[in-house]
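Chains as they are written, first to last, in the numbering used here: chain A, 657 to 784; chain B, 5 to 242.
Ideal placement from N, C-alpha and C gives every residue a C-beta, glycine not left out.
Below: the structure, in structure tokens.
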Amino acid sequence: MDVSSSPPQPPDGAEWPSDWLRATLGFFALRALQAGPSYGYAIISELEQHGFGVIKGGTLYPLLTRYETAGLVSTEWKAGVNGPGRKYFALTPLGRTELSRLSADWLRFTHLSTHYLDPERQTKESTT
Amino acid sequence: MMQETADRKWFDDLVLELRLRQVHGSAIGDAVASARELLGDTGQRAEDAFGPARDYAAALDLPAAPAHHWVRTALWPALLGLLAFLLFNQAVMAWVRSETMLISPAQLALLALPVVLIAFLPLYLTAVIRRLWVLACLAAVCAAAGLLSAIVAPTEQADAWLAIEPLPWVVGTAVVMVALSVRNTVISRRPGQDDDIADPLSAAEATGGVGAKVGVVIANWLFPLFALAMLGLARTLS
Numbered sequence: 657m658d659v660s661s662s663p664p665q666p667p668d669g670a671e672w673p674s675d676w677l678r679a680t681l682g683f684f685a686l687r688a689l690q691a692g693p694s695y696g697y698a699i700i701s702e703l704e705q706h707g708f709g710v711i712k713g714g715t716l717y718p719l720l721t722r723y724e725t726a727g728l729v730s731t732e733w734k735a736g737v738n739g740p741g742r743k744y745f746a747l748t749p750l751g752r753t754e755l756s757r758l759s760a761d762w763l764r765f766t767h768l769s770t771h772y773l774d775p776e777r778q779t780k781e782s783t784t
Numbered sequence: 005m006m007q008e009t010a011d012r013k014w015f016d017d018l019v020l021e022l023r024l025r026q027v028h029g030s031a032i033g034d035a036v037a038s039a040r041e042l043l044g045d046t047g048q049r050a051e052d053a054f055g056p057a058r059d060y061a062a063a064l065d066l067p068a069a070p071a072h073h074w075v076r077t078a079l080w081p082a083l084l085g086l087l088a089f090l091l092f093n094q095a096v097m098a099w100v101r102s103e104t105m106l107i108s109p110a111q112l113a114l115l116a117l118p119v120v121l122i123a124f125l126p127l128y129l130t131a132v133i134r135r136l137w138v139l140a141c142l143a144a145v146c147a148a149a150g151l152l153s154a155i156v157a158p159t160e161q162a163d164a165w166l167a168i169e170p171l172p173w174v175v176g177t178a179v180v181m182v183a184l185s186v187r188n189t190v191i192s193r194r195p196g197q198d199d200d201i202a203d204p205l206s207a208a209e210a211t212g213g214v215g216a217k218v219g220v221v222i223a224n225w226l227f228p229l230f231a232l233a234m235l236g237l238a239r240t241l242s
């Protein structure tokens, strides 16, 4: 999941509103696993590279634990060759289905929001 | 060095908080190893990466044993052992001196106090573990009750509420203590029955080892060992 151009950043170097991240982090984490199994730090780096800021372990791990309990992800510990052992998270078939559903719903929602917030549409409304 | 100390304290707190939530040892081992893995990757302090240990333990929301499982499996047997030990202590001195065991109501009430305090432990266990002074107070009250029960023990049969033959009580309570120790030893040696914190990679017990196993055996036989010590003391004093 390489980033070909730099991702959009929040204005003035601030962070995205925490409410937005709270609402979306779940399926962003599932999306980060779409390419294959990954571990905590790699997921955090992936989300950071895509412009979502630095997600704390205290936020990510409870989320992944809930997903594991819900059967959306499976886990496996693998011994590191030169480094520490790592816990790999992988999407289950149920997790893939949930990711597809949430992604489609989110795209519909953002389309609706973008349309509603469109300045041209607002101008048209105020003139009529 | 300071970071290591702070992180060690944070991990100790995390294990404690997860234990208080009745999370199984293998799940605790997994949570600890995951946290260590991330800290190894980021170089962050545990508190910075995960927040306070108590909040993180709550946020993980790991599957836990039924709320009062430990009460049935651990507390009630321990309480029975304590009761047997206290009664043994009352009976053994009279038996060694070939006297009748004399009991007054005040003595009985003082003996019952530690038993009642331990029986209600589930109601205030969290406070005992989180605040050292509560544990110190509990230990002091139990010790004081034991000491006072010896002081108020009647010396004359006329002052006694009950006068009973001590030998059956010595034998009966000793049998109860030994039976409970055998039960606990059998349970702790049964495969899959331990609740030790295990490293998910090596499946080795992080707190295991010979020392820990000896500690478990000694803990299982604590009341019979103390009872033997009391018997020795009674024979020396008589």
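Pick from the options that is closest to residue i, judged by C-alpha positions
i                      : options                       : result
residue 19 of chain B  : B/11, B/32 and B/8            : B/32
residue 123 of chain B : B/185, B/67 and B/146         : B/146
residue 28 of chain B  : B/15, B/12, B/74 and B/52     : B/74
residue 722 of chain A : B/143, B/63 and B/82          : B/63
residue 673 of chain A : A/703, A/708 and A/697        : A/708
residue 118 of chain B : B/90, B/126 and B/136         : B/90
residue 149 of chain B : B/205, B/189, B/121 and B/68  : B/121
residue 758 of chain A : A/679, A/671 and A/675        : A/679
residue 726 of chain A : B/163, B/182, B/66 and B/7    : B/66
residue 713 of chain A : B/68, B/40, B/80 and B/81     : B/40
residue 72 of chain B  : B/186, B/140 and B/129        : B/129
residue 17 of chain B  : B/126, B/189, B/135 and B/142 : B/135
residue 193 of chain B : B/217, B/238 and B/181        : B/217
residue 88 of chain B  : B/139, B/230, B/55 and B/140  : B/230
residue 180 of chain B : B/224, B/141 and B/43         : B/224
Residue i classed as buried or exposed, judged by whether at least 16 other C-beta atoms fall within 10 angstroms
i                      : result
residue 228 of chain B : buried
residue 695 of chain A : buried
residue 21 of chain B  : buried
residue 745 of chain A : buried
residue 236 of chain B : exposed
residue 303 of chain B : Shown here, chain B extends from 5 to 242; a query on residue 303 of chain B therefore has no answer.
residue 177 of chain B : buried
residue 765 of chain A : exposed
residue 780 of chain A : exposed
residue 734 of chain A : exposed
residue 153 of chain B : buried
residue 60 of chain B  : buried
residue 34 of chain B  : buried
residue 166 of chain B : exposed
residue 115 of chain B : buried
residue 319 of chain B : It is not possible to answer for residue 319 of chain B, since the shown part of chain B is limited to 5 through 242.
residue 151 of chain B : exposed
residue 42 of chain B  : buried
Residue i and residue j closer than 9 Å at C-beta
i                      : j                      : result
residue 681 of chain A : residue 728 of chain A : no
residue 275 of chain B : residue 104 of chain B : There is no way to answer for residue 275 of chain B, as the model of chain B reaches only from 5 to 242.
residue 36 of chain B  : residue 108 of chain B : no
residue 750 of chain A : residue 689 of chain A : no
residue 24 of chain B  : residue 133 of chain B : yes
residue 110 of chain B : residue 173 of chain B : no
residue 3 of chain B   : residue 53 of chain B  : The first residue shown for chain B is 5 and the last is 242, placing residue 3 of chain B beyond what the model contains.
residue 716 of chain A : residue 699 of chain A : yes
residue 99 of chain B  : residue 171 of chain B : yes
residue 613 of chain A : residue 703 of chain A : Lying outside 657 to 784, the shown extent of chain A, residue 613 of chain A is not represented and no answer is given.
residue 10 of chain B  : residue 50 of chain B  : yes
residue 743 of chain A : residue 204 of chain B : yes
Alpha helix (DSSP H) segment containing residue i, residue limits
i                      : result
residue 88 of chain B  : 80 to 100
residue 230 of chain B : 226 to 241
residue 684 of chain A : 674 to 688
residue 711 of chain A : Here residue 711 of chain A belongs to no alpha helix (DSSP H), and DSSP marks it neither H nor E.
residue 112 of chain B : 109 to 123
residue 703 of chain A : 696 to 705
residue 26 of chain B  : Residue 26 of chain B -> no alpha helix (DSSP H), and no H or E assigned at all.
Where the beta strand (DSSP E) containing residue i begins and where it ends
i                      : result
residue 614 of chain A : This structure gives no information on residue 614 of chain A, because the portion of chain A shown stretches from 657 to 784.
residue 746 of chain A : 742 to 747
Contacts that residue i makes with chain D (C-beta to C-beta distance below 8 Å)
i                      : result
residue 718 of chain A : The structure shown contains no chain D; its protein chains are A and B.
Runs of alpha helix (DSSP H) lying entirely within the region 129 to 213 of chain B, each at least 4 residues, in chain order: Within the region 129 to 213 of chain B, the complete alpha helix (DSSP H) segments at least 4 residues long are 136 to 155 and 170 to 193, listed from N- to C-terminus.
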